[in-house]
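Here the sequence shown stands for residues 1 to 470, where the numbers follow full-length UniProt numbering. Yeah, the Cβ is synthetic: ideal placement off N, Cα and C, and Gly gets one too. Every value quoted in this text rests on a predicted model; they were computed, and no experiment measured them.
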Amino acid sequence: MKNTHPILDAVETHRADLTELADRVWATPELLYGEFASCAAHTEVLRAKGFRVTESVTGIPTAVMGEAGEGGPVIAILGEYDALPGLSQEAGIAEPRPLAPGANGHGCGHNLLGAASLLAACALKDWLAQTGTPGRVRYYGCPAEEGGAAKAFMVRDGAFADVDAAITWHPDCFTRVDDPESLANTRMDFTFTGRASHAAVSPHLGRSALDAVELTSVGVNYLREHMVNGARIHYAYLDAGGTAPNVVQASAKVRYSIRALQLADMLALVERVKDVARGAALMTGTQVQAQVFSAVSNNLVNETMDRAMHAVLEDLGGVPFDDEDRAFARAIRATLSPTDLEAPWRGIGTEPRDEALSTTITPLRPGGEVMIGSTDVSDVTWAVPTTEVLVACHAIGTPGHSWQITAQGKAPAAHKGMTHAAKAMAMLGQRLCADAALLAEAKAEHARRLARTPYTSPLPADLKPPLVAR
Numbered sequence: 001m002k003n004t005h006p007i008l009d010a011v012e013t014h015r016a017d018l019t020e021l022a023d024r025v026w027a028t029p030e031l032l033y034g035e036f037a038s039c040a041a042h043t044e045v046l047r048a049k050g051f052r053v054t055e056s057v058t059g060i061p062t063a064v065m066g067e068a069g070e071g072g073p074v075i076a077i078l079g080e081y082d083a084l085p086g087l088s089q090e091a092g093i094a095e096p097r098p099l100a101p102g103a104n105g106h107g108c109g110h111n112l113l114g115a116a117s118l119l120a121a122c123a124l125k126d127w128l129a130q131t132g133t134p135g136r137v138r139y140y141g142c143p144a145e146e147g148g149a150a151k152a153f154m155v156r157d158g159a160f161a162d163v164d165a166a167i168t169w170h171p172d173c174f175t176r177v178d179d180p181e182s183l184a185n186t187r188m189d190f191t192f193t194g195r196a197s198h199a200a201v202s203p204h205l206g207r208s209a210l211d212a213v214e215l216t217s218v219g220v221n222y223l224r225e226h227m228v229n230g231a232r233i234h235y236a237y238l239d240a241g242g243t244a245p246n247v248v249q250a251s252a253k254v255r256y257s258i259r260a261l262q263l264a265d266m267l268a269l270v271e272r273v274k275d276v277a278r279g280a281a282l283m284t285g286t287q288v289q290a291q292v293f294s295a296v297s298n299n300l301v302n303e304t305m306d307r308a309m310h311a312v313l314e315d316l317g318g319v320p321f322d323d324e325d326r327a328f329a330r331a332i333r334a335t336l337s338p339t340d341l342e343a344p345w346r347g348i349g350t351e352p353r354d355e356a357l358s359t360t361i362t363p364l365r366p367g368g369e370v371m372i373g374s375t376d377v378s379d380v381t382w383a384v385p386t387t388e389v390l391v392a393c394h395a396i397g398t399p400g401h402s403w404q405i406t407a408q409g410k411a412p413a414a415h416k417g418m419t420h421a422a423k424a425m426a427m428l429g430q431r432l433c434a435d436a437a438l439l440a441e442a443k444a445e446h447a448r449r450l451a452r453t454p455y456t457s458p459l460p461a462d463l464k465p466p467l468v469a470r
């Protein structure tokens, strides 16, 4: 640990300021591409800490980048700060109590995610300056992870072209290197256009767009029997065509999320879903337009980076929670079902234990039941060697995207977890800058994997991010 003390001291130097930032972002939850206050808060801290700031990265108003250091390798530390709809919740209580019914909330802990990543960048910046080590640290403030695929757009448009390695993290109930698998995912909108008519007097003159949406659902449900293992398809109505049942719906719109473990399989499945929608349009005499909303790749693993991060975690040990932290965690756990409480243990292949908070390090590749989602971090993994660490911040069993996550988002336990995550990321950044052989090994592995499977962006070349007005 002797060589890492300066990094840990640097984290402590900036900890209070970045904890305040996490709480500020928690208090102003904003959705994909609308994170104007959150991005401004991160930009303000970047300037105050002496970073060279680039705003509106690749033309995205809520993406920001701060750089420090000179020469040497470029180490990217990725942050996020977007919230989720409908997860407003008062902090620090173990019962559902929205601050505003139906409002947004940080039900995935991204207020902590961005602040800890910026805290790590501050610590690595200080170490580079104090030691005179060649190298540059970049903090990337990335919006719209929750469905907007901002990092995929940023990768496609060159934001990581000169980066040597990337590090990120996510709040969790255990502390470990994240699983290497993720699902490639396309979100696609199908807009059906028909013909309005009186549903009783002249139904024969109408062409129902809503019927087309429903027949698409039927067709996709039959398609599920013939998909590759691990594929997933979900949908949500964006426009059901109106509220009057006596009017044949002339327009309707549905969004599909189409996922698979491999990008090629996902893209092939997208074409089959498009065929189903076209068939539904033929059956109903309507027209259909398909438009990609966002898309992300599957993850490209880098074992070198993951092993290096695991070694850092073993040096650090677990998050130092106290009895007050455990008491609040037990109160949260009392709101959860037995299935909720069991699920995380299945994910790491361990028999469930009656623990409120985890203070240990989970083994690398624990071999449990992998619970796979999608993330735009995956596209960064194709651009540069990348690792993601999960760090305990909330009660074991807390479901993601829940009011319980929002309730714990400003708790002392969450602050301890985000500080621990910052230490882990800063320590790995230090090792990558100080150990040329380690970085070279990570880059060589990345190059070998790309040689076998070259990267193709899942985004159409002409697709623009779905930005929102301020």
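| said: Tell me whether the region 429 to 443 and the region 163 to 173 touch, counting them as touching only if at least three CB pairs, one residue from each stretch, are closer than 8 Å. | reply: By the Cβ rule, the region 429 to 443 counts as touching the region 163 to 173, because three or more pairs are nearer than 8 Å.
| Residues near VAL296 in its chain [Cβ-Cβ closer than 7 Å; skip 5 each side] | Here the set comprises ALA149, ALA152, ALA184, ASN185, SER374, THR375, ASP376, SER378, ASP379 and PRO458.
| task | State the beta-bridge partners of ALA295 as determined by DSSP. | result | According to DSSP, residue pairing for ALA295 in a beta bridge involves THR186.
| request: Can you grab the Cα-Cα spacing for the pair TYR81 / CYS39, in whole Å? | output: When rounded, the separation of the alpha-carbon atoms in TYR81 and CYS39 is 8 Å.
| query | Just to confirm, are THR191 and GLN289 a CB contact at a threshold of 8 Å? | reply | Yes, they are a contact pair.
| How is the alpha helix (DSSP H) around GLY242 delimited, first residue to last? | No alpha helix (DSSP H) holds GLY242; DSSP gives it neither H nor E.
| message | In the DSSP output, which residue or residues are listed as bridge partners for ILE77? | response | Bridge pairing for ILE77: TYR139 and ILE167 [DSSP].
| said: If you follow the alpha helix (DSSP H) that SER38 is in, where does it begin and where does it stop? | reply: Here the alpha helix (DSSP H) through SER38 covers 36 to 48.
| message | Give me, in chain order, the residues of the same chain whose beta-carbon lies closer than 8 Å to that of GLY71; leave out the 5 immediate sequence neighbours on both sides. | response | Cβ contact annotation for GLY71 (same chain, cutoff 8 Å, sequence separation greater than five): PRO134, GLY135 and ARG136, in chain order.
| Environment of PRO61 [buried if 16+ CB atoms lie within 10 Å] | Classification of PRO61: buried, given that the 10 Å Cβ count is 16 or more.
| said: For ARG259 and VAL201, what's the separation of their Cα atoms in angstroms? | reply: Cα to Cα, the separation comes out at about 43 Å.
| request: Take every Cβ of the region 49 to 63, pair it with every Cβ of the region 418 to 427, and state whether three or more of those distances are shorter than 8 Å. | output: No, the region 49 to 63 does not touch the region 418 to 427.
| Taking the alpha-carbon positions, what's the THR398 to ASP325 distance? | Roughly 14 Å separates the two Cα atoms.
| Under 8 Å, do PRO17 and VAL45 count as touching if we go by C-beta distance? | At residue 17 the sequence reads Asp, which differs from the Pro that was named. Result yes, Cβ atoms of ASP17 and VAL45 sit closer than 8 Å.
| request: Would you list the one or two residues that DSSP bridges to LYS464? | output: LYS464 pairs with nothing; no bridge assigned.
| Does the beta-carbon of GLY241 have 16 or more other beta-carbons within 10 angstroms, so that it is buried, or is it exposed? | Buried: at least 16 other Cβ atoms inside 10 Å.
| task | Just tell me which of LEU282, ALA27, LEU316 and ASP462 has its CA closest to the CA of HIS5. | result | The option with the nearest alpha carbon to HIS5 is LEU316.
| request: Could you name each continuous alpha helix (DSSP H) segment of 4 residues or more that falls completely within the region 85 to 143, going from the start of the chain to the end? | output: Listed in chain order, the complete alpha helix (DSSP H) runs (minimum 4 residues) inside the region 85 to 143 are 110 to 131.
| query | In the structure shown, what three-state DSSP assignment does LYS253 receive? | reply | The three-state reading of DSSP puts LYS253 in strand, counting E and B together.
| task | Could you name the residues that DSSP lists as bridge partners for HIS14? | result | According to the DSSP secondary-structure assignment, HIS14 is paired through a beta bridge with no residue.
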